[in-house]
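Structure record follows, encoded as structure tokens.
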Amino acid sequence: MDIELQRVGFSYAAGTPFEKRALYEVDFKIDSGTYQAIIGHTGSGKSTVLQHFNGLLKPTEGQVDIGDYRITAGKKAKNLKEVRQYVGIVFQFPEHQLFEETVLKDIMFGPLNFGVSKEDAEARARELITLVGLPTEVLEKSPFDLSGGQMRRVAIAGVLAMKPDVIVLDEPTAGLDPRGQKEIMDMFYTLHKEEGLTTILVTHSMEDAARYADDIIIMHDGKNVLRGTPRDIFADAATLRGYRLEPPRIVRFQEKVEKLLGHPLDTVCLTEEELAKSVAKHLPKERGK
Amino acid sequence: MTEILALNHVTFAYPSEDPTPRNAVEDVSFSVNEGEWIAIVGHNGSGKSTIAKLMNGLLYPQQGDVRFMRDVLSDENLWDVRSQMGMVFQNPDNQFVGATVQDDVAFALENNGIPYEVMVERVHEALAQVKMEDFLDHEPHHLSGGQKQRVAIAGALALRPKLLILDEATSMLDPQGRMEVLQTVQQLRAETGLTVISITHDLEEAILADRLLFMNGGKKFATGTPNEIFALGDELIELGLDLPFAMKLSRLLKAEGVALNGQNMTEEELVNDLWTSNFNA
Numbered sequence: 004m005d006i007e008l009q010r011v012g013f014s015y016a017a018g019t020p021f022e023k024r025a026l027y028e029v030d031f032k033i034d035s036g037t038y039q040a041i042i043g044h045t046g047s048g049k050s051t052v053l054q055h056f057n058g059l060l061k062p063t064e065g066q067v068d069i070g071d072y073r074i075t076a077g078k079k080a081k082n083l084k085e086v087r088q089y090v091g092i093v094f095q096f097p098e099h100q101l102f103e104e105t106v107l108k109d110i111m112f113g114p115l116n117f118g119v120s121k122e123d124a125e126a127r128a129r130e131l132i133t134l135v136g137l138p139t140e141v142l143e144k145s146p147f148d149l150s151g152g153q154m155r156r157v158a159i160a161g162v163l164a165m166k167p168d169v170i171v172l173d174e175p176t177a178g179l180d181p182r183g184q185k186e187i188m189d190m191f192y193t194l195h196k197e198e199g200l201t202t203i204l205v206t207h208s209m210e211d212a213a214r215y216a217d218d219i220i221i222m223h224d225g226k227n228v229l230r231g232t233p234r235d236i237f238a239d240a241a242t243l244r245g246y247r248l249e250p251p252r253i254v255r256f257q258e259k260v261e262k263l264l265g266h267p268l269d270t271v272c273l274t275e276e277e278l279a280k281s282v283a284k285h286l287p288k289e290r291g292k
Numbered sequence: 144m145t146e147i148l149a150l151n152h153v154t155f156a157y158p159s160e161d162p163t164p165r166n167a168v169e170d171v172s173f174s175v176n177e178g179e180w181i182a183i184v185g186h187n188g189s190g191k192s193t194i195a196k197l198m199n200g201l202l203y204p205q206q207g208d209v210r211f212m213r214d215v216l217s218d219e220n221l222w223d224v225r226s227q228m229g230m231v232f233q234n235p236d237n238q239f240v241g242a243t244v245q246d247d248v249a250f251a252l253e254n255n256g257i258p259y260e261v262m263v264e265r266v267h268e269a270l271a272q273v274k275m276e277d278f279l280d281h282e283p284h285h286l287s288g289g290q291k292q293r294v295a296i297a298g299a300l301a302l303r304p305k306l307l308i309l310d311e312a313t314s315m316l317d318p319q320g321r322m323e324v325l326q327t328v329q330q331l332r333a334e335t336g337l338t339v340i341s342i343t344h345d346l347e348e349a350i351l352a353d354r355l356l357f358m359n360g361g362k363k364f365a366t367g368t369p370n371e372i373f374a375l376g377d378e379l380i381e382l383g384l385d386l387p388f389a390m391k392l393s394r395l396l397k398a399e400g401v402a403l404n405g406q407n408m409t410e411e412e413l414v415n416d417l418w419t420s421n422f423n424a
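As they're listed, the protein sequences go chains R and Y. Under my numbering, the first residue of the first sequence carries the number 4, and numbering increases by one thereafter. Under my numbering, the first residue of the second sequence carries the number 144, and numbering increases by one thereafter.
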């Protein structure tokens, strides 16, 4: 399902004395099946943009196409409920939205609301709990007896239970320990590949954008200002810094290595593994060891 | 060396319907001396947040005791102890009470009955220490995450605490905010010799500490300098942590046959090592 924003402008509290402009002429298309990263400094508008992907916010200017649905500024939107079934958003700290008595009921809540039968909803929940890496015993427990990392997984299962075509992730690993971060990001990547999802990652982690995304959009002062593959985007550190963003640590370290070598490496390395290989190739051969 | 805080064989379990509940903290002992920076590290659920709550008397141990300046923490001295212990929590938005930055920093002083003139002086001094003195009349919710946490630190400093506890205080910040906060703490330590306990799973933050307390499954797994703890290597990874960036890269470089001498905790060390091991024969 493609998502296309055309000249989208948005103001909070539009038409009141408290009006605050958040987006200006945002214009981009995210193709079906892409792993898209959206990055930007705090206050760049990235969280406002993400709420346009399933009609939680309606543009005050321009239009948003979500598959065949069109949301146009100033017109009443129809069938938004359907749109929200296709586009699932995992908000920051999604575990704050857990509320049911048991994990099973919590995961089933969404599908039941959309008219899925009880049997099907339960079957889905049982399937998903394994998929998000939790033992099935957890289903009978209260979500509030789980650890923070487990609660996050339950909340994610609740979003996946809607079988969305597009999944939007807003800082999905905030507050998790390093292993939890890697497990969650790897899980979304596997889902992305195996289920053919469109994945939109909104983050300030340049490392995650470099490692997982096919394509990066940079937001700055309420506009989309730059777009490209991670390699292209991170090759130009000066431009990034102009948008108050730092390239990933690995790229900054490459700058230091290149200074030491006195010449650039063949390409911008996006992972530690890549950089290690490239440096090994460029260093003088070991001296008589 | 003056001991500021000590845990002696502390065991704690949360109330549970389970007849044999798991101890959230089990037989943990360690002490913090004046002027030290101690980092308590461990994965989610390792018991580090429970330790934070035991340190400031939000929870009391079922076995063992917690001592502040050699006095056992109890209901009698709790308020006195807390006034000497500044705490900064994870979520910058949950700890503001004042309508302006200076009101917020003054809040704890008012509660402690500090005279107005002294209060004004302390608020200015504390905000200057975290480089937020230009924001006196700003509304806290309009600040960036890093700025909010610096104001929260100023609020703690205004009481002139013996000890500053950072409970995952940087984990919700963007990279820039995290850097701002850590630089502020480093600078405070250099200028005032403040004692700091940071509870974190950010390894780059842990490297800055003098000593680490590494928690696993509610127990003390290891203590030592960052160098000693990170030398544990794969064990750290198995227990849900990771290696600092420069160490991870050093290992990958060695695996590719690049000559290196040390384990290189920081980028500077790694760059120097690359230079001396490969160019400076």
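Cβ coordinates follow ideal geometry from the N, Cα and C atoms, glycine included.
Starting from residue i, trace the alpha helix (DSSP H) both ways and give me its first and last residue.
i, result
"T193 (chain Y)", "K191 to M198"
"H195 (chain R)", "P181 to E198"
"Y38 (chain R)", "Careful: Y38 (chain R) lies outside any alpha helix (DSSP H), inside the beta strand (DSSP E) at Y38 to I42."
"T201 (chain R)", "Careful: T201 (chain R) lies outside any alpha helix (DSSP H), inside the beta strand (DSSP E) at T201 to T206."
"F112 (chain R)", "V106 to N116"
"F250 (chain Y)", "V244 to N254"
"A212 (chain R)", "M209 to Y215"
"A279 (chain R)", "E275 to H285"
Among the options, which residue has its Cα nearest to the Cα of residue i?
i, options, result
"P233 (chain R)", "R:H285, R:N116, R:F147 and R:T274", "R:T274"
"T202 (chain R)", "R:P167, R:Q66, R:G65 and R:E276", "R:P167"
"K280 (chain R)", "Y:E411, Y:T419, Y:G405 and Y:K397", "Y:K397"
"G256 (chain Y)", "Y:H284, Y:D236 and Y:S226", "Y:S226"
"Y215 (chain R)", "R:K32, R:T37 and R:Y27", "R:T37"
"E64 (chain R)", "R:G199, R:V271 and R:Y27", "R:Y27"
"T409 (chain Y)", "Y:T419, Y:K391 and Y:Q319", "Y:K391"
"A16 (chain R)", "R:P62, R:G151, R:R10 and R:Q39", "R:P62"
"D214 (chain Y)", "Y:F232, Y:L395, Y:Q330 and Y:A149", "Y:A149"
"M154 (chain R)", "R:V93, R:D123 and R:V169", "R:V93"
"E295 (chain R)", "R:K144, R:P250 and R:M165", "The displayed coordinates of chain R run from 4 to 292. Any statement about residue 295 (chain R) would go beyond what the structure contains."
"S341 (chain Y)", "Y:I308, Y:G178, Y:R265 and Y:G241", "Y:I308"
"G152 (chain R)", "R:D68, R:T176 and R:S208", "R:T176"
"L53 (chain R)", "R:L243, R:L83 and R:T206", "R:T206"
"R332 (chain Y)", "Y:H344, Y:T343 and Y:L306", "Y:L306"
"V175 (chain Y)", "Y:L375, Y:H285, Y:M144 and Y:M358", "Y:M144"
"A242 (chain Y)", "Y:P318, Y:D280 and Y:V401", "Y:D280"
"S287 (chain Y)", "Y:Y259, Y:D317, Y:D310 and Y:P258", "Y:D317"
"G229 (chain Y)", "Y:G178, Y:L300, Y:M315 and Y:F422", "Y:L300"
"L83 (chain R)", "R:V119, R:P97, R:L200 and R:D68", "R:D68"
"L270 (chain Y)", "Y:D223, Y:S159, Y:T193 and Y:A295", "Y:A295"
Could you pull the start and end residues of the beta strand (DSSP E) that residue i belongs to?
i, result
"I170 (chain R)", "V169 to D173"
"F211 (chain Y)", "Q206 to F211"
"S393 (chain Y)", "Per DSSP, S393 (chain Y) belongs to no beta strand (DSSP E); it is in the alpha helix (DSSP H), F388 to A398."
"E169 (chain Y)", "V168 to N176"
"H223 (chain R)", "D218 to H223"
"V231 (chain Y)", "M228 to V231"
"L148 (chain Y)", "E146 to F155"
"V119 (chain R)", "Careful: V119 (chain R) lies outside any beta strand (DSSP E) and carries neither H nor E."
Would you mind telling me which residues of chain R sit closer than 8 Å to residue i, beta carbon to beta carbon, in chain order?
i, result
"E348 (chain Y)", "Simply none; closest approach about 12 Å."
"E410 (chain Y)", "F256 and K259"
"E399 (chain Y)", "A279, K280, V282 and A283"
"N199 (chain Y)", "None at all; the shortest Cβ gap to chain R is about 20 Å."
"S314 (chain Y)", "A177 and G178"
Given the structure, does residue i come close to the ligand FAD, in the sense that its CB is under 7 Å from one of the ligand's heavy atoms?
i, result
"I194 (chain Y)", "Ligands in the displayed structure: none, and consequently the ligand FAD is not present."
Strictly below 7 Å CB to CB, what residues from chain Y border residue i?
i, result
"T105 (chain R)", "Those within 7 Å of T105 (chain R) in chain Y number zero; the least Cβ separation is about 15 Å."
"T176 (chain R)", "Going along chain Y, no residue has its Cβ under 7 Å from T176 (chain R), so there is no contact; the nearest lies around 10 Å."
"R252 (chain R)", "F388"
"E276 (chain R)", "L395"
"T45 (chain R)", "S287, G288 and D317"
My guess is that residue i and residue j are in contact by the Cβ rule of under 8 Å, so how many angstroms apart are they, rounded?
i, j, result
"N407 (chain Y)", "S393 (chain Y)", "4 Å"
"V248 (chain Y)", "A297 (chain Y)", "5 Å"
"P114 (chain R)", "A126 (chain R)", "Their Cβ separation, rounded to whole angstroms, is 10 Å, which puts P114 (chain R) and A126 (chain R) out of contact at 8 Å."
Could you list which residues in chain Y have their beta carbon closer than 9 Å to that of residue i, in chain order?
i, result
"H99 (chain R)", "Per Cβ cutoff of 9 Å: no residues; H99 (chain R) is ~11 Å from chain Y at best."
"T133 (chain R)", "The contacting residues do not exist; T133 (chain R) stays about 20 Å from chain Y at best."
Can you name the residues of chain Y whose CB is closer than 8 Å to the CB of residue i?
i, result
"P138 (chain R)", "Ordered by position in chain Y, no residue passes the 8 Å Cβ test against P138 (chain R), which lies about 15 Å from the chain."
"S150 (chain R)", "N187 and G188"
In chain R, what lies closer than 7 Å to residue i by C-beta?
i, result
"P318 (chain Y)", "H207 and E249"
Which chain R residues sit within Cβ distance under 9 Å of residue i?
i, result
"G383 (chain Y)", "D180, P181, R182 and G183"
Inside the stretch 327-378 of chain Y only - alpha helix (DSSP H) runs reaching at least 4 residues
346-349 and 369-373
Write down every uninterrupted run of the alpha helix (DSSP H) in the stretch 284-334 of chain Y whose length is 4 residues or greater and which is fully enclosed by it, in chain order.
288-300
So within the stretch 229-261 of chain R, which uninterrupted beta strand (DSSP E) runs reach at least 3 residues, ignoring any that extend past its ends?
none
Inside the stretch 13-73 of chain R only - beta strand (DSSP E) runs reaching at least 3 residues:
23-33, 38-42 and 64-69
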